[in-house]
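K.L.:
With mature numbering (1 follows the signal peptide of the UniProt record, and there is no 0) applied, the sequence shown covers -23 to -1, 1 to 503. Got a structure for you, questions after.
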Amino acid sequence: MLMFIRFIISFAFLLLFSETTMAQIVTDTEKIFAENINGYYNNPVQTIKAAEYLLKNAKTNNDKVKAYYLLSESKFLTDDFSESIEYLFKANFLADSGDDYYLKSLVYIAISSRCRFFGIEDRASSYIARAEQELTHIEGTDAKTVVETKILYEKAGVLIKSKQYSEAINALSSSNKLLENTKQNHPVLQAKVRKALANVSFLASDYVAAANHYQKCIDILKGIGFEFSSIAACAYNGMGQIAIKNSQYDVAQAAFEAALACNVIESWVKADVYQNLSELYLKTDDQELYNDSSIKHKEISTALIWKERDARNILITEIEKEQNIVINKDRSRYTSIFVGMLLVFAIVFIVYFVYNKKLDDEYNKFEKLLSRIEAAKINTVSVSDVNEVTDKAEGKILAISEKTEQAVLEKLKEFERGDEFTNPNMSLQLLSKRVKTNSKYLSDIINTNKGKNFNAYINDLRINYIVALMQSDKKYLTYKVSYLAEICGFSSHSAFTVVFKSVTDLTPKQFINFLKKKIEKEKESA
């Protein structure tokens, strides 16, 4: 009997100890997650270690979601885009099967951010909508405020992409008010919102407001020891751009150096800083530093292009996987073979219809393009300009005489009739020398009279050039796309394809195939 009592007491003690230990683990997990949910902006390496610890000691799926979320956010800041996306969708898969609406919202918002970063705005909006659905189920005012703030931040990002600056400012202002009215202090979120307000104010040419928001962002970050974070790097870069606009070149250089001195600076931000430094050194006639900054900008940008391309492919694949899971879940609801076969038939029919309609639409685009090309030959304008109004922007006055402007335009016409634009090194500075004016005036003249920036202007000329060659000489239809890109001055196959698509609304391969098809039809009817 005494032995039995001792056993009961020992078992009860063991049970109590186990429950206490489990409660301690849960508390530690929450603490680590809370400490690192914004810490990656300041020290992503430390957050990665914390996340790996969480993952190793995870007891529930929600623990794993937290770990994967922190890993994703930290890896993204260290330019491991592909890994970041893979971790994020691991978190998404586990979060979807759980009932932690706060975690679900954070994951959806993060996916929206990735979609926006990689230019898939429609998907970004769909994930924002999913986060909004989860928001209604979140308990706790503070958690709701955080999620609502992040949702407004993401909505503003999508609006900025579509150049709806006023709407973006309204969304961010609402986000800022939410944070100011909450009892909890969220300085990192406040700094991010201020930085975003500064960015959109700068794009809207409100440099005074932009400078004010950037300074408030930096002040907030300094108050919490985040003055060398990735957020600070973005803010310093923005302050430098404003200083250039105000011809405060010493102030600009100090700001850019502060950005580069940050412990955490994303590569795309660093590339932008070096591009801005190039502009600064060009204005101050420091050729050596201009060359050095330009080289660094090009090196970083080139490396990023490959990383971003791979990551974008992974992102699209993961989204498709998620869609397939949803489709499979829906299909499993059908118990009747007849309904299943009917569904398959309907899908096949729709795919066939859409595919054929797509082909017809694309061929119609091709025919319209040829018509525009003919019109372009008659009116001596670029293919992409035929359906655009190219009159001077209302109210915009160039700071040069009309005579000088006309002289530059005549030289541009001469330039357009040649093929110098196929030089892959063609730049605004090079063309400025060619037409004997400075780059600022030339940029303004192109913007005002051509309705586009310099890069778009050169790209249009290159695409018009290669399209004309393919029409006039069949041998060009047999060449690889990479060679066609080289002929008209593009440095890469991918860049050429993107620009060709944006100008003609067709890919190079589609255009070539349709042109071959047209030639065959003409032979048959002859």
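Just so it is clear, CB atoms sit at the ideal spot from N, CA and C, and this is done for glycine as well.
Whose C-alpha, out of 422, 403, 396, is nearest the C-alpha of residue 387?
P.N.:
422
K.L.:
In angstroms with no decimal places, state the Cα-to-Cα distance between residue 439 and residue 257.
P.N.:
29 Å
K.L.:
With distances taken between CB atoms, is the gap from residue 66 to residue 234 smaller than 8 Å?
P.N.:
no
K.L.:
Report the CB separation of residue 168 from residue 187 in whole angstroms; it is logged as a contact under 8 Å.
P.N.:
Contact flag wrong, Cβ pair sits at about 15 Å.
K.L.:
Which same chain residues end up closer than 6 Å to residue 473 when comparing Cβ atoms and leaving out the 5 residues on each side of it in sequence?
P.N.:
462, 467
K.L.:
Please list the terminal residues of the continuous alpha helix (DSSP H) segment that includes residue 470.
P.N.:
Here the alpha helix (DSSP H) through residue 470 covers 470 to 481.
K.L.:
Please state whether DSSP places residue 465 in a helix, a strand or coil.
P.N.:
Coil, per DSSP.
K.L.:
Quick one, are the C-beta atoms of residue 239 and residue 280 less than 8 Å apart?
P.N.:
no
K.L.:
Could you give the DSSP three-state label for residue 175: helix, strand or coil?
P.N.:
Helix, per DSSP.
K.L.:
Which residue's Cα is closest to the Cα of residue 63: 476, 291, 415, 453?
P.N.:
291
K.L.:
Please report the distance separating the alpha-carbon of residue 410 from that of residue 399.
P.N.:
17 Å
K.L.:
Report the rounded CA-to-CA distance for residue 94 versus residue 255, giving the unit in angstroms.
P.N.:
24 Å
K.L.:
Taking just the CA atoms, how far does residue 181 sit from residue 446?
P.N.:
40 Å
K.L.:
For the ligand FMN, is there a heavy atom less than 7 Å away from the beta-carbon of residue 452?
P.N.:
Here there are no bound small molecules, and the ligand FMN is not part of this structure.
K.L.:
For residue 322, count neighbouring Cβ atoms within 10 angstroms of its own Cβ and tell me buried if that reaches 16, exposed if not.
P.N.:
exposed
K.L.:
Please return the same chain residues whose Cβ sits closer than 6 Å to the Cβ of residue 366, not counting the five positions on each side in sequence.
P.N.:
Low per-residue confidence applies at residue 366: pLDDT is 40, beneath 50, and the placement is therefore not dependable enough to give any value.
K.L.:
Label residue 401 either buried or exposed according to how many other C-beta atoms from any shown protein chain fall within 10 Å of its C-beta, with 16 as the threshold for buried.
P.N.:
exposed
K.L.:
Considering only residues of the same chain and omitting the five flanking positions on each side of residue 205, which have a CB-CB separation below 8 Å?
P.N.:
19, 238, 239, 240, 241
K.L.:
Identify every run of the alpha helix (DSSP H) within the stretch 101 to 151, keeping only runs that are complete inside it and at least 4 residues long; order them along the chain.
P.N.:
Unbroken alpha helix (DSSP H) stretches of 4 residues or longer found wholly inside the stretch 101 to 151: 118 to 138, given in chain order.
K.L.:
Check whether the Cβ atoms of residue 155 and residue 125 lie closer than 8 Å to each other.
P.N.:
yes
K.L.:
Using the beta-carbon count (16 or more within 10 Å), is residue 385 buried or exposed?
P.N.:
With 16 or more other Cβ atoms within 10 Å, it is buried.
K.L.:
Fully enclosed by the stretch 237 to 300, which alpha helix (DSSP H) runs are 4 residues long or longer?
P.N.:
244 to 260
K.L.:
How about residue 27 and residue 46: are their beta carbons less than 8 Å apart?
P.N.:
no
K.L.:
Three Cβ pairs or more, each shorter than 8 Å: is that satisfied between the stretch 95 to 107 and the stretch 77 to 87?
P.N.:
The stretch 95 to 107 and the stretch 77 to 87 touch, with no fewer than 3 CB-CB distances between them shorter than 8 Å.
K.L.:
Return the Cβ separation of residue 191 and residue 216 in integer angstroms, given the expectation that the two are a contact with Cβ distance under 8 Å.
P.N.:
Confirmed, Cβ separation roughly 5 Å.
K.L.:
With distance defined between alpha-carbon atoms, name the residue in 397, 488, 408, 424 nearest to residue 464.
P.N.:
397
K.L.:
Any idea what DSSP makes of residue 163, helix, strand or coil?
P.N.:
Coil, per DSSP.
K.L.:
Assuming residue 216 is part of the alpha helix (DSSP H), what are its boundary residues?
P.N.:
Taken as a continuous stretch (DSSP letters only), the alpha helix (DSSP H) holding residue 216 covers 207 to 222.
K.L.:
Is residue 422 helix, strand or coil by DSSP?
P.N.:
helix
K.L.:
Using 8 Å as the threshold, is the C-beta distance between residue 148 and residue 166 below it?
P.N.:
no
K.L.:
Under three-state DSSP, which class holds residue 15?
P.N.:
coil
K.L.:
Work out the CA separation of residue 329 and residue 127 for me, nearest whole Å.
P.N.:
41 Å
K.L.:
In angstroms with no decimal places, state the Cα-to-Cα distance between residue 469 and residue 299.
P.N.:
32 Å
K.L.:
From residue 492 to residue 482, what distance separates their C-alpha atoms?
P.N.:
14 Å
K.L.:
Distance check for residue 102 and residue 87, CA to CA, integer angstroms please.
P.N.:
12 Å
K.L.:
Taking the continuous alpha helix (DSSP H) assigned at residue 57, which residues delimit it?
P.N.:
Here residue 57 belongs to no alpha helix (DSSP H), and DSSP marks it neither H nor E.
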